[in-house]
Structures are given as C-alpha cells and as structure tokens.
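When we follow the numbering used here, the leftmost residue of the sequence shown carries the number 841, and every step to the right adds one.
See below for the structure under consideration.
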Amino acid sequence: MRLAGVRAHVGTSGVARQRASQCVTAVPRNRASSVVSAAFHVLSSAKRTRTPTRDAVAGRRAVRVRASGSDSEATPGTAQREVSIGDGGLDETADGEDDEMLGDIEIPELPKHWMIHDSFLPTHGVGSASSLRGVFDTHHDDPRRTHEYRFVWDYWHVPGQYTLLRTPAGDYFPAADFQQLEFALQKYARAELGCAATTPIWLSCYVEGMRQELHADVPHGPWAFVLSLTNWETRTWSGGETLLLRPETLSYFSNFDSDAVVERGSLTETIEPKFNRLTVFDPRVPHGVPIVEGVRDPKKGRLVLHGWFREPAPFLAGVLAGDDDDDETASSLLSKQEKEDRKNLVFAALENEILPPLYGILGQLPRARGTVVCQVFIAPDGRVEKTKWSADSLVPVAAKNATETRDAILGEIAAAFLSLREETFPRSEGNSTLTVPFMFD
C-alpha cells in the first residue's frame, strides 16, 4: 500500500479543495521502520475564518479544547467548561451540557521551538556517548603521532559567518559505533518527530576563534539537532553554546515593553552543550554558536555531532506494528502476512477516513507555518485513548488572534482522532502508538 501526502488548498472561490501533494515522495511501506514515507502538508489561507461545514464533521462528537501552558495531552472523559469542537464549530460549553462530549483537548499556549534531552545515548557500550568520545580522544592522544584520522578534518571558513573544523561522522567512527548512533537518532526521530531519516551526520570541533554567526537552515528538514560530546563540566574556555533567538525577539515590536531592560539574555536562548545532551530545535529560528575563546587543544574544545531530521512520515509502533514478535502473546502467533495486513488497515484508515475531512477543515483556517506532531494512542479494542503533542513549532502567520488560531488547528487535529468510531482501527492484543506529522506551509 502507498500513502501520499495531501495538501489542502484554498482557491479564489474560497472553497477548500484537495490534491495529492507534489512535494512528497511516497514509497512502499515495506521498510524495517514500518514508516510510510509521506509528509502531511497543509497550506491554509490567512483570509479565511474558521467555518467548518457540517458535512466535514459529520458523525463526529464534540471534543472540548483547553489551553495549557505546559501539559499537552488530551484524554477523553474529563468534563468542564471549555471550548468545544463539533458540528457547530467553536462554542462555549458549560459543564454537563453535552453528554456526547468525548473529553478535553489540552493545547500548549505557545509552540516549543527547541527541546533538550540529557543522557540521550547509553553511558557505556558500543555506540554510547563514552565510546564515541573515546574514539576522538584516541585519535588525538599524541599530537606528534601521524595517522589517517588526523587529516580528515575540513577547516570550514566562510568569512563573517562560519569557522569550524568538521568531518563526516560516518567515515570517522567505527561502523558498529556509528550504526548504533544512527539507530538511536532514527528511533527518536520516528517516535517523537514523525521523521523517517536524518541527513548525513557531521562531527564538528571548535577551538580558539571558531564560531557560527546567526543563520537559519530551512531547506534541510523540519528539525535540526546537536548531540554534544563536549567535556563541558571541565572546560576552561568560554563560548560554544547553541544560541537561538527567542520567539518574542522575532516579533519584537509586537511584544515591546518600553519599561523593560533589553539585553542579550532577554533576546536569545543559550543552551549549553553538556556531554551526551541532545538539543533538537526548529531550524527556521535564527541560531548560531558564540565564539570559542581560551582553548587551542582539540581534545579540550567543543565537540558535537549535528544534522537534521528529515522525511516527515507517519510511524506506527506497538502491537499493531508487529513490535511484539518476541513476546508470548496472541499477536506473536499471527503470520507475517496477517500482521502486515493489520498494519495496512491502520494506514488505510488514516489515508481514507481520517485525513480527507480533516484537510477540508484545516484548509479553511487562518494560515500558519511550522510543524506539529500528534501522537495517537490506540487501545487494544481499536479505540483512541488519548493524543499528545510530541513536537510543535506551529506559528500563525497573523499575530492577531494567534492563540485562537492555534487552538483551532491543533484542536481539529486531535478531535479528528479522538472522535473516531471504535471500529476505525483494528483490534489487537495490546497498545499501539501512531505518530503523525503535519507540516504547514
């Protein structure tokens, strides 16, 4: 089965129409990762207001939307006075007024343009942070010793923009170490970001005078990453952090406070490259690396792995994906073809039943840009238990009513899954998770 992305367009008549996205390449879902290589792109009009039709939401029960500053899970069953999504659009609903309410959808008030994961790799063993760091230290154990790995570094210098040492990580590390590194990054990318692959990974070293001035990496992928192998706690030098402009800086005059003191700390976010820390960020946000000063020895400088997560695609994990092959469950007794057929039913439901009406609604909402990743938790009976936003960089184009626009977009996405009939997804012998990325142009 092949699953192609769909882009919702708004024509001159204001009526949303759908067509297969030409910027997405769909491939057969026969890969070990069980990923359909199809990104879901939505292009909406900034001039349209939120007016979902009754046909577009036919058969759906209402789901409340609740703004949240931090929590981003939506679980059916909680009743309180909130905003509801249903046949009538956004309405205020009092407690107990609608017995058909499925529950709350909690939506973060603001997007999260960067995420930090400490202790990302295992501490010891092949592919661990210590093993990778050990390879580098061994290659630089004696500055007088000459060997091939001393000559693989590119001194990359673009005047006024970049100065650093870099080398392809896949050629630098032993195959076993690098394969485990790739596996860890790709496992994270599929489950949390809905990305099927990474770009080629770079290993970079910074010593005296090296830096990256502010820039953006939009063409490479929806998320960038930096995985640090730097001995940060024992450093004797300054600089070398990951520097990002704060979202409020990017809309400076919209948030301007004439009484506030404005300094670098209020304009930028600085993330320390602690050892074994993975920093994932929205590459559209201008970012850089402050100049490193006070170190000339490569073994003591800034050492990081970096690249981009790419190929947004839905990803299925758990029993429905056949991840229980080693378990003594009823599912483990199914044939390979039976498991594949059941997995195909999940993606068929996504492609044929869930996305078409959802895109019809999203295409009528005010325009936004960015990526939002919805994790859908599927119970053994095929029912959707809850949804969770595992990544969110969605920013409305128009500053006016930005919160309401985010509420409407994220609310409709979550409601499309929470309001499903129990028979939409196949029954199984355990829990499953479907990760679905949506990219808004």
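Where is the CB? At the ideal position from N, CA and C, for every residue including glycine.
These figures come from a predicted structure and were not determined experimentally.
Just how far apart, CA to CA, sit residue i and residue j?
i	j	result
Pro983	Trp993	15 Å
Gly1079	Glu988	30 Å
Thr1076	Thr1007	24 Å
Ser1268	His964	36 Å
Asp1247	Glu946	9 Å
Trp1063	Thr1038	10 Å
Arg859	Leu1195	Its pLDDT being 29, under 50, Arg859 is placed unreliably by the model, and nothing is read from it.
Ser971	Pro1130	27 Å
Pro1277	Leu1202	14 Å
Val1102	Ala1029	36 Å
Arg1182	Ile1249	30 Å
Gln1019	Gly967	7 Å
Thr1275	Ala1015	30 Å
Pro1297	Glu1151	There is no way to answer for residue 1297, as the model of the chain reaches only from 841 to 1281.
Ala1161	Pro1220	13 Å
Gly1200	Ser1094	31 Å
Glu1262	Phe1121	36 Å
Leu1156	Pro951	24 Å
Asp977	Gly1270	45 Å
Arg990	Asp1099	54 Å
Looking at residue i: is its Cβ nearer than 7 Å to the Cβ of residue j?
i	j	result
Val1213	Gly1034	yes
Val1224	Leu1258	yes
Pro1266	Gly1222	yes
Thr1273	Gln1215	yes
Thr1227	Ala1188	no
Glu1032	Ser1230	yes
Asn1192	Ala969	no
Among residues of its own chain, excluding the 5 on either side of residue i, which ones have a beta-carbon nearer than 6 Å to its beta-carbon?
i	result
Arg985	none
Thr1110	Glu1081, Leu1083
His957	Leu1118
Ser973	At residue 973 the sequence reads Arg, which differs from the Ser that was named. The answer, listed in chain order, is Leu1069.
Cys1289	Coverage of the chain is limited to positions 841 through 1281, which leaves residue 1289 absent and any answer about it impossible.
Gly1010	Phe1018
Phe1217	Glu1225, Lys1226, Thr1273
Output needed for residue i: all residues of its chain with C-beta closer than 7 Å, excluding positions within five of it in sequence on either side, in chain order.
i	result
Ser1285	With the chain running from 841 to 1281 in the structure shown, residue 1285 is simply not present.
Pro1113	Val1066, Ser1068, Thr1070, Trp1072, Gly1080, Glu1081, Thr1082, Arg1142, Val1144
Arg1209	Val1235, Val1237, Phe1280, Asp1281
Gly1147	Thr1038, Thr1039, Pro1040, Ile1041, Trp1042, Phe1065
His997	Thr1003
Tyr995	Leu1005
Asp1097	none
Using C-beta distances below 8 Å, list every residue in its chain close to residue i, excluding the 5 sequence neighbours before and after it, in chain order.
i	result
Val1125	His953, Trp954, Ala1056, Leu1084, Leu1085, Pro1087, Leu1090
Val1058	Pro1123, Arg1124
Pick out whichever of the options has its Cα sitting closest to the Cα of residue i.
i	options	result
Thr1211	Leu1205, Ser1233, Thr1119, Lys1183	Ser1233
Arg1142	Leu950, Leu1005, Leu972	Leu1005
Arg1282	Ser1175, Tyr1028, Val1047, Val1101	No answer is possible for residue 1282: it lies beyond the span of the chain, which begins at 841 and ends at 1281.
Lys1179	Asn1241, Ser1106, Val1159	Val1159
Thr1108	Phe1121, His1127, Asn1192	His1127
Gly1000	Glu1053, Ala969, Asp1163	Glu1053
Leu1185	Thr1264, Leu961, Ala969	Thr1264
His979	Ala969, Leu961, Tyr1012	Tyr1012
Gln1026	Gly1049, Phe991, Leu961, Tyr995	Leu961
Ser959	Ala1024, Asp981, Gly1134, Ala1157	Ala1024
If contacts are defined as beta-carbon pairs under 8 Å, then residue i and residue j qualify, I think. What distance do you get, rounded to the angstrom?
i	j	result
Leu1207	Val1132	Checking the displayed sequence, the identity of residue 1207 turns out to be Arg instead of Leu. In fact, because the Cβ distance is near 40 Å, the residues do not count as touching under 8 Å.
Thr1245	Glu949	In fact, because the Cβ distance is near 12 Å, the residues do not count as touching under 8 Å.
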